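Chains A, B and C are the protein sequences, given in the same order.
Position 229 of the first sequence, counted from 1, bears residue number 539 in this note's numbering, the numbering being contiguous throughout.
Position 113 of the second sequence, counted from 1, bears residue number 115 in this note's numbering, the numbering being contiguous throughout.
Position 189 of the third sequence, counted from 1, bears residue number 760 in this note's numbering, the numbering being contiguous throughout.
Glycine included, every Cβ here is placed at the ideal spot set by N, Cα and C.
From a predicted model like this one, the values you see are computed outputs, not experimental measurements.
Report on the structure given below.
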Amino acid sequence: MALMGVVSVFAQDGGELRFCLRSEPKTFNPLLVEDEASETIRYLTGGVLVRVNRVTLKAEPELAASWKVFEGGKRIRFKLREGLKYSDGTPFSAADVAYTMEQLMDPALHSSTGDAFRSAEGKLVAQVISLSVVEISFPAPVANLVNLFDTVAILSAKSPQKEMAVLGPFYMAERKAGSYLLLKRNPNYWKKDAAGKQLPYLDSVRIDIEQNPEIEALRFQRGEVHLINTVSPAIFEKLSADNASVRDAGASTDTEQLWFNQVPGSPLPAYKKAWFTSTNFRRAVSEAINRGDLARIVYRGHAVPAIGIISPSNKFWFNSGLKPHPYDTASALRRLQQDGFRLQGDTLRDRAGNAVEFSIVTNAGNRTRESMATMIQQDLRKIGIKVNVVTLDFNSLLERMTQSYNYEACLLGFQNAELDPNSQMAVWLSSADNHQWNPKQTSPATAWEGEIDKLMRAQAASGDEHKRKQYWDRVQQIAWEQEPFIYLINKDALVAIAPAVKNAAPSVFRPQTYWNVETLALTQAH
Amino acid sequence: MELLSVRITISYKDKPPVLDDLRVDLQPGEILGLVGHSGCGKSSLALAILGLLNLKGGKALGSIRWNERELLTLKEKEWRKLRGKEIAFVPQSPMSSLNPALRLGTQLEEAWKLHGQGGRDQMEETVFRSLLDVSLPAKEEFLRRYPAEISVGQAQRVLIAMAILHRPALLIADEPTSALDAVTQSEILALFGELNRRLGMSLLFISHDLVSAYTLCHRIALIHSGKIVECNTPQAIFFSPQHPFTRKLIAAIPTVPSASEVEESLRFNLFNS
Amino acid sequence: MKTMRIVAITVLCLTALTILGASYLAPAGYEQQFRETPQAGPSAHHPLGTDDLGRDRWARLLYGMRVSLTLAPLAALFTTVLAGLVGGIAGYYGGWTERCCKLLIDLFLSVPWLFLLITVRAVLPLNVSPEASVTVTFALLGLLGWAASARVICTGAKDLMKSEFVWQARAQGFSGFKLVRLHLLPNLRGALLAQFWISIPVFIIAEANLGALGLGVAEPLPSLGSLLRELQDVVTLRPEPWRLLPLAVLIVVISSFQALLNKQEVRA
């Protein structure tokens, strides 16, 4: 807070901050948010009890002045700030928090935000103790409980404006479908800066819908937009050559990975299924990929070779015992020989003599992924594997990945918005939908998947961070050894911030450039 | 014995017939003029004799007898053997009746190939002979030209050359001179006369111009209201017209103006300009 | 005009030679990644520099030309023949034949091809070679591209059927195929040639755009279209003239074709 006080001395008030979103928000109901655009609106308008500082990664008090966690995450009591009002003037009290939590956990709502709180069967109880104290009890301990409240925008129980009455720094003032959204400063916003001046400094935020990142960059160059949250390496280079304010905020938690289809019921021939379910095969492919070159050439140095599920930038949860995957074609060939593969001329053949050839599918229109696939294609050529690169529109790709399982290998990226391993349950449980290489298993297909299931459940049920870290370290270790996902790189968070924007402190975590939007200000150049 | 004997009623769709039980005969070697207003059905008659009337949506009833054969019941396959070989056609507007995309030589050669027999020598000989018949230069250079590169008069001669390639027994000329200037017009009329004398082919000369018909034809038939109102030798038509329509046509023939009249019109034009 | 034709013939001969001799002229394979020198400028090793992945631009241009400039004219020829056939038949026969053909044309124009192409991709196996994939794509383009111009051809043929020289031809005894070959087709030449020209660049670009559906040329094989796609990036495109060469090649080759085949129209 002290730092903010210092910089705000030269920051001036007012002005309109402008940036772009790739798509229209799908919902304005903060409890139903699933897409990034809707999340942006929730972040800018919603008031939350607790905010995770995107730089320190510590939970900070917002609407709640303080809180206390009981029974290892089974119960939490919030002490609320007093005298706050919604954007429409409706007063805020503990009843609103209870109302929001009840709405959120209503099974009929199907809120994925609410799913994070569902640790066990049973109902949640939100008890209003006084006007400013509320206690929420869950049927079982919830891992990472406090931080989860970062995503719960508190609705008003009484406001006639329903969810459009907000407690955040801005409210939704105007919008034109497919074109723009205009947010205006919330006159009733509670937060003040160190000098006692009411926040936010900005008058309004204008968000334009722009699908094409090239056009977005062009508009940034022209000064029409102030911020870009994710800049591609090519655009980053171009903008930095133009002396525009682009910053490499460091390695993000997002991963790009390659995986083989291990679904037993997939329409692939049996010999290919045998390759893909072989650990040696997967590790050989992994060792034959030159991750350093991917980072250096495709990402132009703005990425680091990936080690595993978790990026090293996630300092607490990363298993520091893991070493980088080696780039070693000789070792890859040795592993393949163990499985009966042999190099015949420049073609790798399996024990039955089938030439090793498979296709990598990726989503069309993503140049970096296409480039990575092309480099992997040439890397694998060196161990005699023929790779066909196929780009598909996202819906077709999704259909193959989740319905027909008619693919061999897939190259995609995952956004890991949350740091806590609990957010990875949907991927690592063998019964999960997003267990991409072999989803929705009735019982674990392999021993190691079974072990991961146990570890994931154990970490979810535990309130002890160090125990959870031990479980999670073990999961990372197994994933490193088995490589169901061949993690390729962790890309850097590349952002663009116009020089006119003051107080910006870009983070590698979403929303990278405007996570501290209430203290952002514009110098009035014109 | 007649070469062609026509008893015909022609109608289009549901409209009243344009030719109503029209009767006309043609002798071998005869030049018959069919004269009438434009739109009186002269051209329909030509189409009917060529068996192309149905393509324009017309319907012919009655009979067309050609060398003792009935044409109206003929199959299309038989028609094709007849058209261009026994009965040939010379159209009204020569420039638009030649295929603009093909060289003259190609058009003549292809027309020859339709009915001609023999080799390339035979073809070249026929083509050159036809060109000479119509007083066109029988040269390779001329044959390499496109229709756009020759004059209207030459185009009409090319079309006549094409029509007489196979020495047909009957030539149907539908207003063959109406698109030509006066000098070319008289040249083409003279050519028709000469071809008739030299090759002995009959000519059905369809025109709205009584004077042209008078200079060329052996007999003239006047068509009015879908019927032939009068049919006689040119002299008889001109000097003792029987039907009021004939008299009206003759009265409308312009005479050569006198010198004073020319002066008058010039002065008038000066004042007006 | 004559010098124009000589220039055009020279250009096309050179193009043909380049296409045939791509493997001799290229300093490296089109797929070879010189990973130490990505995005390099022109040098003795790489006359046009290297692309984002360090591949020789000159080699990629040569092979891209080979792919696109052999397949696109073939597909264009195919589509022109189809358009001529359907449009010609409709215009020649008229009546119910014309109505059937027009129905077929309208059907073709209204079918959402995107879905059909997605289906085609779904039916195709994933493991097809880039060469097979690009050939299938151009074949599809040729198969689908005819409808709009068939309509133009049909109208043209109908007008021609009413023209005096066609009547004259009929009076001479022409009919059927001979009438079409001698009197319709030569006069539809302009419309058919126009269809042919437009189809070549359109197909070259369309092939690149079908990459979005997993059709078209697949990495690492280049096509003129995929090379042109790089020029779409308004911001990141650097003002380096050698990057524009694929575009220049396309324009020059198409103009040469046009200069050569349009001589009839020039004369008239």
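Assigned secondary structure, residue i (DSSP; H/G/I helix, E/B strand, else coil)
| i | result |
| --- | --- |
| A:V697 | strand |
| C:Y663 | helix |
| A:P479 | coil |
| A:A266 | One cannot answer for residue 266 of chain A here, as it falls past the ends of chain A, which runs 311 to 836. |
| A:P615 | strand |
| A:T400 | coil |
| A:E473 | helix |
| C:Y541 | Outside the shown range of chain C (572 to 839) lies residue 541 of chain C, about which nothing can therefore be said. |
| A:P371 | strand |
| B:S204 | strand |
| B:S214 | helix |
Chain C contact for residue i (CB, 8 Å cutoff)
| i | result |
| --- | --- |
| B:K87 | yes |
| A:Y581 | no |
| B:R25 | no |
| A:I695 | no |
| A:N698 | yes |
| A:Y781 | no |
| A:L702 | yes |
Paired residues, beta bridge with residue i - DSSP
| i | result |
| --- | --- |
| B:W68 | B:L6 and B:R71 |
| B:E232 | B:L224 |
| A:Y511 | Partner(s): none; A:Y511 has no beta bridge. |
| C:V707 | None; C:V707 has no bridge partner. |
| A:E484 | A:L492 |
| A:W377 | A:F388 |
| B:Y14 | B:G60 |
Residue i to residue j span [Cα, whole Å]
| i | j | result |
| --- | --- | --- |
| C:L680 | A:V573 | 40 Å |
| A:R352 | A:A430 | 27 Å |
| C:I771 | B:G107 | 34 Å |
| A:E680 | A:Q688 | 13 Å |
| A:P479 | A:A683 | 43 Å |
| A:E728 | A:L373 | 21 Å |
| A:Q787 | A:H745 | 17 Å |
| A:W738 | A:Q751 | 11 Å |
| A:N673 | A:L465 | 37 Å |
| B:L57 | C:L675 | 25 Å |
| A:G560 | A:S740 | 32 Å |
| A:P749 | A:A505 | 54 Å |
| B:A50 | B:G59 | 11 Å |
| A:G575 | A:T587 | 13 Å |
| C:S700 | C:G787 | 11 Å |
| A:N624 | A:T563 | 7 Å |
| B:L138 | B:S40 | 31 Å |
| B:V20 | B:R147 | 40 Å |
| A:S695 | C:V820 | Note that residue 695 of chain A is Ile in the sequence shown here, rather than Ser. Cα to Cα, the separation comes out at about 35 Å. |
Below-8 Å beta-carbon distance, residue i vs any chain B residue
| i | result |
| --- | --- |
| C:G845 | Lying outside 572 to 839, the shown extent of chain C, residue 845 of chain C is not represented and no answer is given. |
| C:L832 | no |
| C:F736 | yes |
| C:L642 | no |
| C:Q829 | no |
is_contact[residue i, chain A] using C-beta, thresh 8 Å
| i | result |
| --- | --- |
| C:V699 | yes |
| C:R606 | yes |
| C:G713 | no |
| C:E790 | yes |
| C:L624 | yes |
Expected contact under 8 Å - CB spacing of residue i and residue j to nearest Å
| i | j | result |
| --- | --- | --- |
| A:N732 | A:T565 | Incorrect: roughly 17 Å between the Cβ atoms, too far for contact. |
| A:N800 | A:A616 | 5 Å |
| A:L832 | A:L512 | 7 Å |
| A:I619 | A:A789 | 5 Å |
CB contact below 8 Å: residue i versus chain E
| i | result |
| --- | --- |
| C:Q743 | Protein chains A, B and C are contained in the structure displayed, whereas chain E is not. |
Contact test: residue i Cβ vs the ligand GTP heavy atom, cutoff 7 Å
| i | result |
| --- | --- |
| A:E334 | Ligands are entirely absent from the displayed structure, and the ligand GTP is therefore not among its contents. |
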